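Residue numbers (this note's numbering): 28 to 457.
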């Protein structure tokens, strides 16, 4: 049970060592050498730089970039966003932050780049030829700053994502002649990342605007009935609306709004891929069997989930519910979460020799780069909330349901006492 002090931990991943996909290791307190700094909650952690290692600056030196010269996007207009994206999608670590941090930030950067460039071009989409050049240029810029080299695959982004796709309106003048732009901007110029997910003020305004431009000129279609074939067009037009919004805001503000909107969708689902539960069902389906064998099999199963990605605490709730329902449908009726002491953080990537589960904040967050300590991000290792076993009347938890008792979010780190700085030692040196 968590004590009164809430310890937000900052995982500082040193650029001195190379991250290996096979896992990583964080030494326990018993493994700390005698000359290591004291990191107890009562003191401020001191910088800890491992000896005999190359400079941490090396992966973040801006290498010379060769661009196509055929992309019309104004990269300088979103310079700060490109830097943030490179850090969020850093090298080998990007797959573990892809769903929550890296890919949402990459998407926001691309949307903002097109929106900002529309001020000069008057267009809210690129053609396919320009899209290929521009996406390649963005990748080259990010890779030169230490980002992963397979972001297109990792984030499922293709050149077509930068076009207008099936949306019939892609120029600014036509867009503004159809849409109530003042109402749209008023609904979205400031987005509260918590309330927006419940009230959906900006999301509804975007949907309404997308519907108007998608169905413009279709006299046979009224607002109450949309044909199935029009749904894809409306979704494509939502991208056009988002780009227009970013053209009316400064890049940091636009980025904040886009990340807030994407976070609503992120926290609604479980991003984990569940392996076959056959072995768990075999050991846990009949609780007259050995409970120890059941929990051992469950531990093995959870270890596969823990190799996938860092998730937020809201996602962990959804993952616990999804897995619980799968097990119940397979006739595992007993609450094996309680029996085997499964916590929410057991669904996320584990760090440390003592296997600390790491839950990311449910609000949008970024990795940060510091010249001294390298790359870090906020993570809660101390919130031991038991994974809830779905009941027969189960309904998915929602942060909008005020009657639900949800695990607390990691608090802001500024001015907070009791912080830990955990230094991760990656297995393979380069």
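Heads up, the beta-carbon is just placed ideally off N, CA and C, and yes, glycines get one too.
Since this is a predicted model, take the numbers as computed values, not measurements.
**Prompt:** If we ignore side chains and look at the alpha-carbon of each, how far apart do residue 278 and residue 120 end up?
**Reply:** C-alpha separation (whole angstroms): 26 Å.
**Contacting residues, own chain, Cβ-Cβ under 7 Å from residue 159 (five flanking each side not counted)** = Here the set comprises 186.
**Prompt:** If you compare alpha carbons, which of 96, 355, 189, 178 is closest to residue 117?
**Reply:** Check the Cα spacing between residue 117 and each of 96, 355, 189, 178: the tightest is with 178.
**Request:** Report the rounded CA-to-CA distance for residue 109 versus residue 170, giving the unit in angstroms.
**Result:** Their Cα atoms are separated by approximately 11 Å.
**Message:** Between which residues of its own chain and residue 142 is the CB-CB distance below 6 Å, once the five residues before and five after are set aside?
**Reply:** Excluding five sequence positions before and after residue 142, the CB atoms of its chain that fall closer than 6 Å to its own CB belong to 270, 273, 274, given in chain order.
**Prompt:** What distance in whole Å lies between the Cβ atoms of residue 115 and residue 320, which are believed to be in contact at a cut-off of 8 Å?
**Reply:** The Cβ separation is near 42 Å, so there is no contact.
**Asked** Looking at C-alpha atoms only, which residue of 217, 352, 221 is the closest neighbour of residue 232?
**Response** Closest in C-alpha terms to residue 232, from the list 217, 352, 221, comes 217.
**Prompt:** What is the DSSP secondary structure of residue 406, reduced to helix, strand or coil?
**Reply:** Strand.
**Option in 282, 223, 228, 153 with minimal Cα separation from residue 210** = Of 282, 223, 228, 153, the residue nearest in Cα terms is 228.
**Prompt:** Based on the DSSP output, what are the partners of residue 240 in its beta bridges?
**Reply:** Its beta-bridge partners do not exist; DSSP assigns none.
**Asked** In chain order, what residues of the same chain have a beta carbon less than 7 Å from the beta carbon of residue 76, not counting five sequence neighbours either side?
**Response** Note on residue 76: pLDDT 30, under 50, position unreliable in the model; no value is reported.
**Nearest-angstrom beta carbon gap, residue 343 and residue 375 [assumed within contact, 8 Å]** = Right, their Cβ atoms sit about 6 Å apart.
**Prompt:** What's the gap between the Cα of residue 282 and the Cα of residue 157?
**Reply:** Residue 282 and residue 157: Cα-Cα distance of roughly 23 Å.
**Asked** Considering only residues of the same chain and omitting the five flanking positions on each side of residue 105, which have a CB-CB separation below 7 Å?
**Response** Cβ-Cβ distances below 7 Å link residue 105 to 136, 139, 140, 143, 278 in the same chain, with the five nearest sequence neighbours on each side left out; the list follows chain order.
**Prompt:** How would you label residue 200, buried or exposed, when you count the other beta carbons within 10 angstroms and need 16 or more for buried?
**Reply:** The residue in question, residue 200, is exposed, as its Cβ has fewer than 16 Cβ neighbours within 10 Å.
**Item:** CB contact flag (residue 126, residue 298, <8 Å)
**Value:** The answer is yes: Cβ separation under 8 Å.
**Prompt:** For the beta strand (DSSP E) that residue 219 lies in, which residues bound it at each end?
**Reply:** Element bounds for residue 219: n/a, residue is neither H nor E.
**Message:** Given the structure, does residue 403 come close to the ligand FMN, in the sense that its CB is under 7 Å from one of the ligand's heavy atoms?
**Reply:** Ligands displayed in this structure: none; no statement on the ligand FMN is therefore possible.
**Item:** residue 244 versus 266, 286, 230, 196, residue with shortest Cα-Cα distance
**Value:** Minimum Cα distance to residue 244 is reached at 196.
**Asked** From 309, 336, 334, 401, pick the residue whose C-alpha is nearest to that of residue 325; which is it?
**Response** Nearest option by C-alpha distance: 309.
**Asked** Among residues of its own chain, excluding the 5 on either side of residue 290, which ones have a beta-carbon nearer than 8 Å to its beta-carbon?
**Response** Within the same chain, residue 290 has close Cβ partners 131, 220, 224, 389, 390, 391.
**Neighbourhood of residue 134 by C-beta distance below 6 Å, restricted to the same chain and skipping five residues each side** = Taken in chain order, the list of residues that qualify is empty.
**Asked** Nearest to residue 262 by alpha carbon, out of 276, 285, 238?
**Response** Cα-wise, what sits closest to residue 262 is 238.
**Own chain residues within Cβ distance below 6 Å of residue 329, not counting five before or after** = If we look at residue 329 and ignore the five residues flanking it on each side, its Cβ neighbours are 373.
**Request:** Note down the Cα distance separating residue 207 from residue 148, rounded to an integer number of angstroms.
**Result:** Those two C-alpha atoms are separated by around 21 Å.
**Outcome for residue 307 when other beta-carbon atoms lying within 10 angstroms are tallied against a minimum of 16** = Only buried fits residue 307, as 16 or more other CB atoms lie within 10 angstroms of its CB.
**Request:** May I ask which residues mark the beginning and end of the alpha helix (DSSP H) holding residue 156?
**Result:** First-last of the alpha helix (DSSP H) with residue 156: 155-171.
**Request:** Could you pull the start and end residues of the alpha helix (DSSP H) that residue 139 belongs to?
**Result:** For residue 139, the enclosing alpha helix (DSSP H) starts and ends at 130-148.
**Item:** Rounded straight-line distance, which links the Cα of residue 129 to that of residue 287
**Value:** Spanning the two alpha carbons is a distance of roughly 14 Å.
**Asked** Expressed to the nearest angstrom, what Euclidean distance is found between the alpha-carbon atoms of residue 362 and residue 331?
**Response** Their backbone Cα atoms lie some 20 Å apart in a straight line.
**Request:** On the DSSP bridge assignment, give the partners of residue 271 in chain order.
**Result:** Beta-bridge pairing links residue 271 to no other residue.
**Message:** On the DSSP bridge list, what partners appear for residue 377?
**Reply:** Residue 377 is bridged by DSSP to 384.
**Asked** On the three-state DSSP scale, how would you describe residue 313?
**Response** Residue state, collapsed to three classes: coil.
**Asked** DSSP state of residue 370, grouped into three classes?
**Response** Residue state, collapsed to three classes: strand.
**Prompt:** What is the DSSP secondary structure of residue 395, counted as helix, strand or coil?
**Reply:** Residue 395 sits in a strand when the DSSP states are folded into three classes.
**Asked** So, is residue 154 buried or exposed, given that buried needs 16 or more other C-beta atoms within 10 angstroms?
**Response** Residue 154 is exposed by the Cβ-count criterion.
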